[in-house]
Amino acid sequence: MDLNLNRADYLQVGVTSQKTMKLLPASRHRATQKVVLGDHDGVVTCFGMKKGEAVAVFKTLPGQKIARLELGGVLNTPQEKIFVASGSEIRGFTKRGKQFLSFETNLTESIKAMYVSGSDLFLSASYIYNHYCDCKDQHYYLSGDRINDVICLPVERLSRLTPVLACQDRVLRVLQGSDVLYEVEVPGPPTALALHGGNGGDSGEDLLFGTSDGKLGIIQVTTAKPIHKWEIRNERKRGGVLCVDSFDIVGDGVKDLLVGRDDGVVEVYSLHHANEPVLKFDQALSESITSIQGGCVGKDGYDEIVVSTYSGWVTGLTTEPVHRESGPGEELKISQEMQNKISSLRSELEQLQYRVLQERERYQQASQSSRAVFAVPSFSINDKFTLNKDDASYSLILEVQTAIDNVLIQSDVPIDLLDVDKNSAVVSFSSCDSEAPLTPARMAHLPFSASRVASHFQLCRTPPLEVFLRCRHRCVISFSKPFKKSNDNFLLATYRCQANTTRLELKIRSIEGQYGTLQAYVTPRIQPKTCQVRQYLIKPLSLHQRTHCIDHDRPVNTLTLTGQFSFAEVHSWVVFCLPEVPEKPPAGESVTFYFQNTFLDTQLESHCRKGEGVFKSDNISTISILKDVLSKEATKRKINLNISYEINEVSVKHTLKLIHPKLEYQLLLAKKVQLIDALKELQIHEGNTNFLIPEYRCILEEADHLQEEYKKQPAHLERLYGMITDLFIDKFKFKGTNVKTKVPLLLEILDSYDQNALIAFFDAA
Amino acid sequence: MLLPVFTLKLRHKISPRMVAVGRYDGTHPCLAAATQAGKVFIHNPHTRSQHFSASRVFQSPLESDVSLLNINQAVSCLAAGALNPELGYDALLVGTQTNLLAYDVYNNSDLFYREVADGANAIVLGTLGDISSPLAIIGGNCALQGFDHEGNDLFWTVTGDNVHSLALCDFDGDGKKELLVGSEDFDIRVFKEDEIVAEMTETEIITSLCPMYGSRFGYALSNGTVGVYDKTSRYWRIKSKNHAMSIHAFDLNSDGVCELITGWSNGKVDARSDRTGEVIFKDNFSSAVAGVVEGDYRLDGHVQLICCSVDGEIRGYLPGAAEMRGNLMDTSVEQDLIRELSQKKQNLLLELRNYEENAKAELSSPLNEAEGQRGVIPANTKLHTALSVNLGNETQAAHAELCISTSNDTIIRAVLIFAEGIFLGESHVVHPSIHNLSSSIRIPVTPPKDVPVDLHLKTFVGYRSSTQFHVFELTRQLPRFSMYALTSPDSASEPLSYVNFVITERAPRVVIWLNQNFLLPEDTNIQNAPFQVCFTSLRNGGQLYIKIKLSGEITINTDDIDLAGDIIQSMASFFAIEDLQVEADFPTYFEELRKVLVKVDEHHSVHQKLSADMAENSNLIRSLLVRAEDARLMRDMKTMKNRYMELYDLNKDLLHGYKIRCNNHTELLGNLKAVNQAIQRAGRLRVGKPKNQVVTACRDAIRSNNINMLFRVMRVGTASS
């Protein structure tokens, strides 16, 4: 990576949404450009940099939250008209700040995405897409799942209108008029679209997409079919993509790919080598990158990447060298500018502080009166709760515009909170039983502090203490007393954040079949102190993920629901049980969804229509969970539901075979890792490894890699054990026998694992 | 930006905290560190050709400039320094759980090798108080011992619990060093020779201590806290989710003042200003940091900061030049300042807007439920807190209780209590289920130790359907003896054990002390002296009587010697008593102690017998082996087989004996700890000079094996009758 960019902060405005900052076109090559951006206060700010200071060109009055900001203009002329989407209204401004357009659309929902091309306007709310030409309604489309972004292939090059919608169900929908031309499956929920190279690449049909799980790719959208050009997998576990742009920052004549992610990472990929992207530069800022664009803002002649962040910072990553390396005279001058800036900021702060003090006093006085009220100041939280495919865990990201003081996590389902390296907050688990005092003995039995359970289960095979097995049937091995749930609290944890933490990332591991709500109480460091609650649903089949296709040759178990219910009702049950399903029932008579279990790779097919719901899965546990949840919910809502099931005995064996390689790998890994220290000691003692058998030598050579792998998947083995136990119990539950007493026997078999013995045990029991 | 001046990658693991730099030949600094398998390695990059070669030391097969020293036991502490000033070079000191070795690396000889029954958890080298020769002071299970270069035991005292960290620092500014001792009972004690001059209670086990300059010193706790003390007051502290593995004072920015360098378990190294705790430099290793030391490792006359990771990576940093103006970080100061100021501005603007919106809300309609959802509450909402004692019932043990209630119909959604030392983590959360929300909440609190605790409460107040809540923040102090409930006196249950002493305070002052340190019911009315109060412990139901006579004589009846000590120490600090002689008798406790002492003797004799057996057996092994080999050479396979069979049996016996020895040793350790603790407890019943007299006299009694004298000292406080 030979690219060296220096950070310079320009200005801070209010909280910004995705894609709300643009650079106005330059008058000539490498002249300084103006920055225009819109924030949640509804203010559109346009500014340029003069001598290191931000000089405003114009600033509009506050209004509704600005969701998108795009540039437009007559085709083949500089695109310097500013279009702003807020609520259901589109406004247009000239580069001088004069409003020339105010267009109230007939959309009932607020606009989420916008694209402007000549006199064509493409808008989308949550599910609705609308196309206007000269503010006249042209086309309309109702999407099956949430629309995240909208774009149109360049009209000037293709002379046809081809809008593309990025939809949450991992599909790009290519439209023609009001109809879908075809759907393009992408590896994750797409969140950002851009034209490759700014103009659609060589063909004019190349489309860049970024997904919420951090993947990137280019697809050529031809009239007949999509052609996948390349994809970058998210190997380094970076955040989701929020914005992309093409700009030649490296200076090799080929436009590079600029990527902004929701974990604050800015990346530059070079496309120099036969369209094979190479990472040239990356830098992590502390908060989500909402918009990114290449251009020239700070000083003419120096290219830079301009980004806007969630809390409204406009920051440049410039090729201009830092002043420390420039001439001695210049350094003095720039630090003088800095000094001015600092002193003006300071005086501004003083004034503000005075006003705040006054207001604070008034506020305090109000507490004496009996009629006055305290309203809670609202602050915006940017949150994301997603399932990671790699380790089958959820990640919860909370981002607030100001520093977070503490976060309280409460859950009424058993979950584990895992440690995230990036996160510097001090976590503390609290006892969940508030009725009884915290005696040390009770403290020692805290069931869900993540490591405790794991270590118990790893260390003692015949545990004297109560040990909670990671399985949803709360059956436990030789436990002394059953686990008692009180106050609906299964997890209470506080995260006390270090100063200046605006973003907190948590990792959560759920158990399928245990469902409920996770609540996060976020308290920022701001006066008057308040907190906001966010709720996240842990669904019964929480580890399932939508997929496009499944293997139809597997042996399946079937669960059929019949009864007097509507299509919407049966769809709402699917929503209740499974993640990543749109809340609204899709148009049409029936719908089929495919899911994949991210942990075991088993699959589920759900097919619903009025009066019927059919669920097919090769995993008997999945069917069992669905049966339990649905019958429970139906009883609760007093719906008469006929549930019938068809169990395929072969499927159990099939599932065990699916688990086998994973289990074997984990067992082997655990064994190898155990040996590393001893082998290293031998190595030191003997000086070389020639005397060892090749297998051991191999372990020594791979030691670091093995340890890393082992660390990456904490408690993986226990989870597998838990799922096998579930499978065992479920198999016999359908037969009407309770085999919970045989679980210890099963665990003994797992202890000295052998695939055939296990299958035999399943058959025999 | 400060970059390392050298980076080395050794192929040896380094045990955490066990790294020392010494000039073992008088000129070349070498790095010594404990590694796996009971070995210590010495990295000597300076004299490549010349190697230490002798029985104990052998060259590492992995690296040319590393020598290995076999200890054959897990190393528990390591230090290097000049123990014998006449020698002119440094000695290496290696402590294990059973002994201490002072080793002359240059001549490859032992300076001394001492058995230490209390183990060596921590070690520090230097001069202490008026003792002229440098000492190697080790801290073990409740005991501190100092050895000079000949292995003479010049210093011995006991402390409250197992020692985890030691440091020498001129605590009171008299030019002589005092010993700082961090122990398992969360206390930092300062010893002026064997007199305790100060005690600071922390919130976790003190894992490291380091002198900064003057009376300032740094400390680290096992819960991830690091901080700096100046004398008895804490300057600053920070807490991280990682653990501080090693701390060291070093002037990294050349401003003449040492910074606190911390090596963390996640591989981070940071330097913090001693005044503010602000980070002025940081770097990252790929694995946990094992130790942070300093030395002129490049022999260029400049001392470097040397950081080692557990994987054997070693980096040296030269202090930044003064021109860098302390700017060791990557980003420029101005940029950061602007960002910080701007963030402040945004916060203030946000606060202003909050007030504006609040004013708007006030103007709009009167309060209703829909507004409650938005989090609007009456402005005169107040939060009341009260602490009391709850005697418990069948389902619930007795506990101290914190009651929080609002002044109107608003509800309490959740309460977060941040307090140190009384909960498993640093916080306790009460989150009632949605069906049981009310405007008041009772929180049971059971502090495990008798220490005053600040409870920082954050209470979320709103309405049932609110998604936003007001956070009321307040702090309440939990009194030291909150786990004792006032009960009516009942002479039958009065404990036999007592302490008796005279103070010159008037009774009302004692009542004030009672009020401050106990949770007394509001209607308690204590008349003038003489009076007596009776408490029951909520932990074990034990009785506590405090009687005051007109003469100012106070008698405290309790079977808990620790509690008696706590009460006396608390009174002494409240009434500012400097010296207090106390008469005490704890028959049951003393009887137990007597049994322990008998057991110690037993264990000692068992130990000797087992050692003799082992020596005998090893001789036998030698001869059997020779005979077996002879038989093999004579091709007398049958005899050889027999011999080896015998050897096998003998080996089994040895293993068996070893297990007994192990058990015997752990029991011995436990009993020794109990003895040490008893001495410490007897000391805690007194204040000031009498306290030290008790400790010294007890120690003499133990040395002369005079058990009766020991008990007399514990009772009356002096050896002479």
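For the protein sequence lines, the chains are D and F, in the order given.
Those letters in the first sequence? Residues 1 to 765, by the UniProt record's numbering.
Those letters in the second sequence? Residues 1 to 721, by the UniProt record's numbering.
From the three backbone atoms N, C-alpha and C, an ideal C-beta is built for every residue, glycine too.
**Message:** Going by beta-carbon coordinates alone, are L578(D) and L543(D) separated by less than 7 Å?
**Reply:** no
**Closer than 7 Å to chain D by CB, S286(F)** = no
**Asked** Does Y355(F) come within less than 7 Å of chain D when only Cβ atoms are used?
**Response** yes
**Request:** Note the first and the last residue of the continuous beta strand (DSSP E) segment covering I415(D).
**Result:** I415 to L418
**Neighbour list for E505(D) in chain F, Cβ cutoff strictly below 7 Å** = The premise fails here: E505(D) is roughly 13 Å from chain F at the closest Cβ pair, so nothing lies under 7 Å.
**Message:** Going by C-alpha to C-alpha distance, which of D213(D), I415(D) and W573(D) sits closest to F565(D)?
**Reply:** W573(D)
**Request:** Go ahead and pull the three-state DSSP assignment for T635(D).
**Result:** helix
**Message:** Just verifying my parser: in three-state terms, what is the DSSP assignment at F728(D)?
**Reply:** helix
**Item:** Beta carbon proximity, V695(F) to chain D, threshold 7 Å
**Value:** no
**Item:** N489(D) at chain F interface by Cβ criterion, 7 Å
**Value:** yes
**Message:** Looking at L111(F): is its Cβ nearer than 7 Å to the Cβ of A91(F)?
**Reply:** yes
**Residue from F593(D), D256(D) and Q283(D) with nearest C-alpha to D262(D)** = Q283(D)
**Message:** Assess contact between the segment 83-93 of chain D and the segment 50-70 of chain D, defined as three or more Cβ pairs (one per stretch) separated by less than 8 Å. Is contact present?
**Reply:** yes
**Asked** From this set, Q401(D), L142(D), L216(D) and S651(D), which residue's C-alpha is nearest S380(D)'s C-alpha?
**Response** Q401(D)
**Message:** Assuming P587(F) is part of the alpha helix (DSSP H), what are its boundary residues?
**Reply:** P587 to L633
**Message:** Using the three-state DSSP reduction, which class does L520(F) fall into: helix, strand or coil?
**Reply:** coil
**Asked** What are the complete alpha helix (DSSP H) segments, minimum 4 residues, inside the UniProt domain "BBS7 helical hairpin" (649-762) of chain D?
**Response** 649-686, 694-701, 703-712, 716-735 and 743-751
**Request:** Note down, in chain order, each residue of its chain lying with its Cβ closer than 8 Å to the Cβ of K299(D), except the 5 sequence neighbours on either side.
**Result:** T32, M49, T318 and E320
**Same chain, Cβ closer than 7 Å to L367(F), neighbours up to 5 away in sequence not counted** = No answer about L367(F) holds up, because its pLDDT of 49 lies below 50 and its placement is not dependable.
**Message:** Please classify M212(F) as buried or exposed, where buried requires at least 16 neighbouring CB atoms within 10 angstroms.
**Reply:** buried
**CB contact check: S344(D) to chain F, cutoff 7 Å** = no
**Asked** Among all the DSSP beta bridges, which residues are the ones paired with I131(F)?
**Response** According to DSSP, I131(F) bridges with nothing at all.
**Asked** Roughly how many angstroms separate the alpha carbons of D393(F) and I411(F), rounded to a whole number?
**Response** Just to set this straight, residue 393(F) is Asn in the shown sequence, not Asp. Cα to Cα, N393(F) sits roughly 27 Å from I411(F).
**Prompt:** Nearest to G218(F) by CA position, among H248(F), T201(F) and R189(F), is which residue?
**Reply:** H248(F)
**Prompt:** Run through DSSP, which three-state label would N141(F) get?
**Reply:** coil
**Message:** Distance check for E202(F) and I138(F), CA to CA, integer angstroms please.
**Reply:** 22 Å
**Prompt:** In three-state DSSP terms, what is residue 723(F)?
**Reply:** This structure leaves residue 723(F) out entirely; chain F is present only between 1 and 721.
**Message:** Check this for me: beta carbons of S246(D) and K19(D), under 7 Å apart or not?
**Reply:** no
**Request:** Could you tell me the boundaries of the alpha helix (DSSP H) in which N540(F) lies?
**Result:** First-last for N540(F): undefined, no H or E at that position.
**Prompt:** Is D252(D) helix, strand or coil by DSSP?
**Reply:** coil
**Message:** Given this structure, state the Cα-to-Cα distance separating E646(F) from T602(D), to the nearest angstrom.
**Reply:** 60 Å
**Message:** Please list, in chain order, the residues of the UniProt domain "BBS2 platform" (484-575) of chain F that have any C-beta partner in chain D closer than 7 Å.
**Reply:** none
**Prompt:** Does S455(D) have its Cβ less than 7 Å from a Cβ in chain F?
**Reply:** Its pLDDT being 34, under 50, S455(D) is placed unreliably in this model, and the value from its coordinates should be taken loosely. Cβ-Cβ to chain F under 7 Å: no for S455(D).
**Asked** Which of the residues in the segment 676-700 of chain D, read from start to end, lie with their CB under 8 Å from any CB of chain F?
**Response** D677, K680, E681, Q683, I684, H685, E686, G687 and N688
**Request:** Please decide whether E185(D) counts as near chain F, where near means a Cβ-Cβ distance under 7 Å.
**Result:** no
**Item:** DSSP-derived helix/strand/coil call for F599(D)
**Value:** coil
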